[in-house]
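Enquirer: Below is the structure I would like to discuss, written out as structure tokens.
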């Protein structure tokens with residue numbers, strides 16, 4: 033079942049990663065590759081790592097250029113994908129790698145993004161409860177943010193009912209997440225604090241105090257899984273590496289829950305997942321081990337003294353955190369094997 | 033007031049940083065420079081950045097070689113400094129840059145280090161309540177761990193009475209700290225996971241679930257400041273940079289405490305400190321800005337939604353976090369101006 | 033045409049990369065995975081990026097364990113593969129990713145490696161003149177060193193007759209090559225100067241003055257291409273990155289050769305090569321753009337003032353420089369399409 | 033002898049480093065700190081590593097603001113310092129950290145910079161033959177470029193008569209230099225290829241083929257030392273580190289010159305230099321060992337096979353390569369001890 037895909041925002045980091053993965057997808061034919069300011073340029077100049085697509089000419093991002101494909105991936109700044117998507121046919125599978133269609137609550141959208149809400153689409157994190165069912169056959173998919181992907185994978189087995197638990201292993205009102213991201217997460221726009229000389233050898237936080245736009249998305253995902261409001265303190269930090277997210281998530285254990293119950297629940301939740309792995313005890317996740325792959329690796333420990341579980345989750349922010357998650361969801365929507373084109377090992381060291 | 037200093041463990045990262053700072057201290061005369069396996073070698077071979085000391089020959093770490101100095105700095109593996117210190121004269125200022133004399137509770141020592149407790153010395157973090165008084169004229173000083181330095185500086189104004197508060201601004205039973213450290217924090221011993229190829233481009237946690245030896249030290253410092261037991265969930269992570277710690281610390285606000293009270297308390301607590309700076313609102317700490325300096329930079333934000341304050345503190349783990357803190361405390365012990373020899377800017381970018 | 037492959041030295045960086053590529057090769061079945069000190073351990077512990085092979089148990093490197101496969105890849109320290117290879121059947125395709133069978137001149141081998149010469153096998157750099165013919169159907173292949181791969185690709189069009197030249201565009205007696213390599217090139221053995229804290233933020237040369245073992249290999253390749261002795265000054269340097277080689281190679285133009293002739297020759301030489309690309313004028317190679325891929329990117333400029341051409345070539349030392357080159361040669365030996373399993377884009381940023 | 037200094041271009045990397053060093057200079061009083069677009073801002077926001085100067089307000093770069101100081105340092109883009117300098121009094125010591133006054137040949141200036149030549153000032157590399165004499169009492173100083181500093185220090189003992197040689201140890205017509213620089217060398221202007229995500233893990237060349245503006249400066253310095261025209265092939269590369277230059281320089285030995293003569297000449301040339309060190313045989317320079325210091329470390333090896341000497345020189349591009357060299361020359365001009373304020377060890381690891 034061969035299908036055609038158009039990718040807009042193709043010269044950004046997310047769009048480039050979508051193209052990298054599509055180039056290795058056995059059934060995908062890459063159609064229009066579009067962007068804005070760089071239209072007319074060879075892709076080889078803008079994304080020299082995409083050797084197989086070097087001679088493609090970037091086209092302008094217009095509805096005309098995107099039309100006529102089976103799948104359209106929108107890797108655009110937030111606020112930009114809503115209007116484009118609205119003009120694409122209902123039967124086209126539209127995958128929004130940006131933020132526009134992630135939040136279900138218009139008020140949350142407006143508070144954090146300051147524009148009108150474009151609406152809510154099926155959420156492309158198949159590992160969430162019920163998500164696979166929603167994604168199968170979907171024609172609109174909202175790709176999760178990179179931080180939410182790591183945070184939700186870290187914590188959802190503690191809140192959602194699953195094969196090993198009835199849910200409710202964690203207190204919903206005291207979740208703390210601190211995550212470190214590689215600088216590609218900040219995109220390709222040139223800002224002084226993202227210069228190599230500033231970034232190398234330095235770590236820094238940002239969006240502290242609940243201000244980061246991924247906070248409501250994390251809360252939305254955990255709350256939906258828990259069936260009750262989950263409250264999160266989320267702090268993102270910028271780490272001196274190009275890619276990768278390491279999320280450290282911690283929550284209080286609910287009364288009567290012990291370390292064995294926790295490990296059993298996570299173990300059971302992910303045992304059949306192709307891309308999410310609870311590591312053997314004693315082995316800790318590294319972002320290096322998932323570089324370029326769609327895998328997420330987790331480890332957890334119960335701190336009995338503090339009454340908390342600490343779960344660490346490592347992903348590649350551009351792969352599982354963006355483009356890989358998009359392809360995984362696309363496969364589900366198209367009725368293809370979920371792992372098609374994603375059978376990639378990490379690139380290490 | 034010129035004085036002589038011997039430095040043991042001089043070829044490790046902590047010892048090397050002590051020497052770097054002593055070489056710029058106007059009153060210090062560097063005497064014996066000792067180590068173990070490398071005795072007999074030129075320091076220029078082992079620590080080629082110490083250009084001014086390149087021709088020094090490393091001596092064996094023995095009580096004989098260390099004796100006869102006004103000050104002895106012990107930068108030895110934990111367990112090693114206790115026995116050496118016990119043989120040095122009471123009038124010699126002995127500064128232990130290792131862990132042996134940090135913890136006051138023998139049971140905590142034994143639980144985390146597994147050996148007999150060597151005893152407890154005045155704690156070399158002058159910014160803690162009452163610490164300066166203890167350090168003035170002291171002849172034994174325990175240099176704090178690097179993580180505890182960053183964590184205590186981040187949080188102590190919320191627990192200790194200070195110029196801007198009666199203390200008790202934060203709940204003591206729900207502190208969460210996640211910290212990222214440069215790899216020099218793991219020392220110079222060669223372990224596979226510390227290889228450059230493994231470390232670059234990768235972040236990873238370790239000692240999760242309360243197992244890190246700095247956890248009881250952080251709790252000790254906060255509890256002493258608070259006058260009540262403070263319970264901490266602490267997760268250290270390894271970041272792809274040679275130096276620096278970024279600690280993200282969060283705790284619940286006590287009832288009735290608001291954002292203004294928090295900022296006022298931190299502001300007042302550090303306003304006269306020469307090395308600790310609450311940055312102007314909107315400016316976030318970077319480890320890059322303190323590289324090679326004895327400064328700590330902080331920022332905080334109250335997350336009203338989560339009911340928590342988040343405080344981020346950046347230090348250089350080898351400077352303020354080890355050797356700089358040692359020199360600062362040494363100055364106090366010797367009756368010198370506290371900042372002598374520490375008037376160093378950060379080396380950035 | 034499915035075939036089985038055993039990989040020895042599987043826990044090193046070269047062996048791990050061979051496994052990563054084989055895992056994505058449509059016809060390869062990975063058989064025995066062997067190593068020495070870590071035999072009996074799950075591969076997931078030793079090479080956690082190989083998610084698809086995590087449950088494999090590493091076996092001891094013995095002739096018994098390696099036997100019975102169609103292909104055996106030896107990723108062993110130099111000196112170790114010769115004896116193993118000698119015991120494998122003649123009909124098995126044996127690919128030596130180490131140095132033992134690269135040099136044709138026993139005297140050069142003994143001078144640089146200090147042991148007895150194991151012999152010389154077909155050289156696995158298909159882009160060299162005549163190499164493809166030698167590799168087709170071969171049952172023994174010597175994988176080139178990583179530096180020689182980059183250096184030979186940079187310069188061979190100036191020495192070898194090719195579609196755009198009769199060869200002899202460059203003077204053979206004055207070649208200078210300076211190359212920077214990521215630290216995985218030094219392997220996984222733990223040495224103090226390879227620690228992350230030492231490596232990050234620092235560059236250093238080594239093996240200067242002609243002492244590096246890759247010097248005779250580079251000269252062998254260029255001399256064979258030129259049909260006359262080519263003399264090389266080669267200086268390797270260690271760069272703060274996990275992977276990648278950037279080789280800067282320069283030679284004097286032969287009399288009467290101008291910039292156009294040079295560009296035409298390189299252009300013609302590589303125009304049909306699937307993995308080697310002379311970039312459009314004005315675009316310079318970056319090691320980042322080939323990370324994890326089997327591609328080499330080149331650019332050149334003629335410096336008329338100095339009478340030299342400067343050619344820069346970027347490869348991934350572990351992929352095109354080792355494991356990718358091995359797979360490419362294996363494909364030729366097995367009669368498969370040369371690019372099978374190597375259709376990988378670079379992983380960037 | 034206290035003196036006042038104004039620093040223009042203070043928010044760039046070069047200007048920031050000048051301020052860092054002046055803050056530690058025992059006789060310097062920092063006066064006006066000026067810049068262009070950021071005038072009116074606290075320095076603590078723009079250069080947060082300069083803790084001791086955080087409250088300074090950046091002023092506009094005007095002749096009025098710079099006047100009335102004993103010393104004015106111009107750290108401005110090329111083309112900008114000429115006009116400013118022309119309006120400053122002749123008795124003011126003006127130090128141009130930019131390029132405007134480095135080249136003596138107006139034609140070379142115009143060819144490489146494309147503007148009118150501002151003139152030539154005493155060249156601030158005291159280690160060159162005759163340079164100290166020119167700098168003593170000078171009131172105008174041109175600070176060398178960072179690459180030329182490393183290249184000239186590497187090679188000048190082979191061309192200049194010195195205590196150990198009559199000069200002429202190297203052939204002047206075949207010098208090849210390949211240098212790797214940290215990205216701060218490219219300045220603080222935001223360009224896509226300097227983004228952290230692009231730079232980390234990647235090396236790339238630029239200005240290949242003789243096009244880099246530092247080429248004529250290197251040739252000028254070597255030619256002056258040699259008393260004959262020296263011809264250089266120079267290739268700069270960008271390395272994934274914030275600071276540091278590693279220059280690898282190679283030239284043919286003149287007839288009859290052997291390895292001993294070379295080592296003796298370099299040894300003798302630098303034996304009394306406070307900041308330049310030929311390392312003991314077998315020890316190779318690392319940029320990490322000079323970070324933040326004014327030192328240069330060298331090693332060399334004669335490659336008898338290739339008939340060349342290879343000299344590697346490591347400096348910090350912002351310190352010895354720019355600001356440290358400026359302060360060293362300033363000290364000479366003001367009649368102060370040459371090393372005053374520069375007694376800094378490297379910051380390692």
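Protein chains in written order, with my numbering: chain A, 33 to 381; chain B, 33 to 381; chain C, 33 to 381; chain D, 33 to 381. Glycine included, each C-beta is placed from N, C-alpha and C at the ideal position. Owing to the predicted nature of the structure, the values given are computational and were not obtained by experimental measurement.
#1: Using the three-state DSSP reduction, which class does residue 158(C) fall into: helix, strand or coil?
#2: Is there a C-beta anywhere in chain A that falls below 7 Å from the one on residue 18(B)?
#3: Less than 8 Å between C-beta atoms, sequence neighbours within five positions excluded: which residues of the same chain meet that for residue 340(A)?
#4: Going by other Cβ atoms of all chains shown within 10 Å of its Cβ, with 16 needed for buried, is residue 119(C) buried or exposed?
#5: As a quick exercise: from 136(A), 101(A) and 142(A), pick the residue whose alpha carbon is nearest that of residue 124(A).
#6: Just list the alpha helix (DSSP H) runs in the stretch 67–118 of chain C, keeping only unbroken ones of 4 residues or longer that don't cross its boundaries, in chain order.
#7: Could you give the residue range of the beta strand (DSSP E) that holds residue 38(C)?
#8: Closest Cβ-Cβ distance between residue 82(D) and chain B: below 7 Å?
#9: Comparing C-alpha positions only, which one of 144(C), 171(C), 220(C) and 227(C) sits nearest to residue 222(B)?
#10: Mapping DSSP to helix, strand and coil, what is residue 64(C)?
#11: With 7 Å as the threshold, decide whether the Cβ of residue 322(A) is near any Cβ in chain D.
#12: Compare the C-beta of residue 377(C) with all C-beta atoms of chain A and state if any pair is closer than 7 Å.
#13: Please compile the residues from chain A whose C-beta is within a distance smaller than 7 Å of the C-beta of residue 372(B).
#14: According to a CB-to-CB cut-off of less than 9 Å, which residues of the stretch 307–339 of chain A neighbour chain B?
#15: Could you run through the stretch 232–263 of chain C and flag, in chain order, every residue whose CB is less than 7 Å away from some CB of chain D?
#16: With distances taken Cα to Cα, identify the nearest neighbour of residue 90(B) among 107(B), 70(B) and 369(B).
#17: Using a Cβ-Cβ distance under 7 Å, would residue 58(A) count as near chain G?
#18: Counting only runs of 4+ residues fully inside the stretch 165–230 of chain B, write out the alpha helix (DSSP H) ranges in chain order.
#19: Quick check on DSSP: helix, strand or coil for residue 265(C)?
#20: Rounded to whole angstroms, what's the CA-CA distance from residue 184(B) to residue 154(D)? Just pull it up for me.
#21: Excluding five sequence neighbours on each side, which residues of the same chain lie with their C-beta closer than 8 Å to the C-beta of residue 79(A)?
#22: From 36(C), 34(C), 75(C) and 68(C), pick the residue whose C-alpha is nearest to that of residue 315(A); which is it?
#23: Give a yes or no on contact between the stretch 247–256 of chain B and the stretch 238–256 of chain A, applying the rule of three or more CB pairs nearer than 8 Å.
#24: Can you confirm whether residue 215(A), when its beta carbon is compared against all beta carbons of chain D, has any partner nearer than 7 Å?
#25: If you reduce the DSSP assignment to three classes, tell me which class residue 379(B) lands in.
#26: Looking at chain C, which residues of the stretch 187–213 of chain D have a Cβ within less than 7 Å of any of its Cβ atoms?
#27: When you compare only the Cα positions, how much space is there between residue 358(A) and residue 167(A)?
#28: Name the residue from 280(A), 257(A), 67(A) and 326(A) whose alpha carbon lies nearest to the alpha carbon of residue 213(A).
#29: Measure from the alpha carbon of residue 268(C) to the alpha carbon of each residue in 186(D), 317(D) and 305(D), then state which is nearest.
#30: Just curious, the alpha helix (DSSP H) that residue 256(B) is in, first and last residue?
#31: Just mark residue 235(D) as buried or exposed, buried being the case when its beta carbon has 16 or more other beta carbons within 10 Å.
#32: Going by CA-CA distance only, name the one from 130(D), 375(D) and 197(D) that's closest to residue 300(D).
#33: Skipping 5 residues on each side, what residues in its chain have a beta carbon closer than 7 Å to that of residue 324(B)?
#34: Exposed or buried, which one is residue 362(B) when buried takes at least 16 other CB atoms within 10 Å?
#35: Between the Cα of residue 248(C) and those of 144(C), 83(C) and 55(C), spot the shortest distance and give me the residue it belongs to.
#36: Tell me the rounded alpha-carbon separation between residue 186(D) and residue 215(C).
Expert: The short version:
#1: coil
#2: As displayed, chain B neither begins before 33 nor continues past 381, which places residue 18(B) out of reach and without an answer.
#3: 282, 283, 284, 285 and 334
#4: exposed
#5: 101(A)
#6: 75–78, 95–98 and 113–118
#7: 35–40
#8: yes
#9: 227(C)
#10: strand
#11: no
#12: yes
#13: Those do not exist, as residue 372(B) stays about 28 Å from chain A at its closest Cβ, beyond 7 Å.
#14: 316, 317, 318, 319, 320, 321, 323, 331, 332, 333, 334, 335, 336, 337, 338 and 339
#15: 233, 234, 235, 236, 237, 238, 240, 241, 242 and 263
#16: 70(B)
#17: Structure shown: chain G not included; protein chains present are A, B, C and D.
#18: 178–191
#19: strand
#20: Their Cα atoms are separated by approximately 52 Å.
#21: 42, 43, 48, 51 and 85
#22: When the alpha-carbon of residue 315(A) is set against those of 36(C), 34(C), 75(C) and 68(C), the nearest one is in 75(C).
#23: Result no; under three Cβ-Cβ pairs closer than 8 Å.
#24: For residue 215(A), at least one C-beta of chain D is nearer than 7 Å to its own C-beta.
#25: The three-state reading of DSSP puts residue 379(B) in coil, since its state is none of H, G, I, E or B.
#26: Listed by position along the chain: 206, 208, 210 and 212.
#27: 11 Å
#28: 280(A)
#29: 317(D)
#30: 246–258
#31: buried
#32: 197(D)
#33: 348, 351, 376, 378 and 379
#34: buried
#35: With distances taken between Cα atoms, residue 248(C) lies closest to 144(C).
#36: 25 Å
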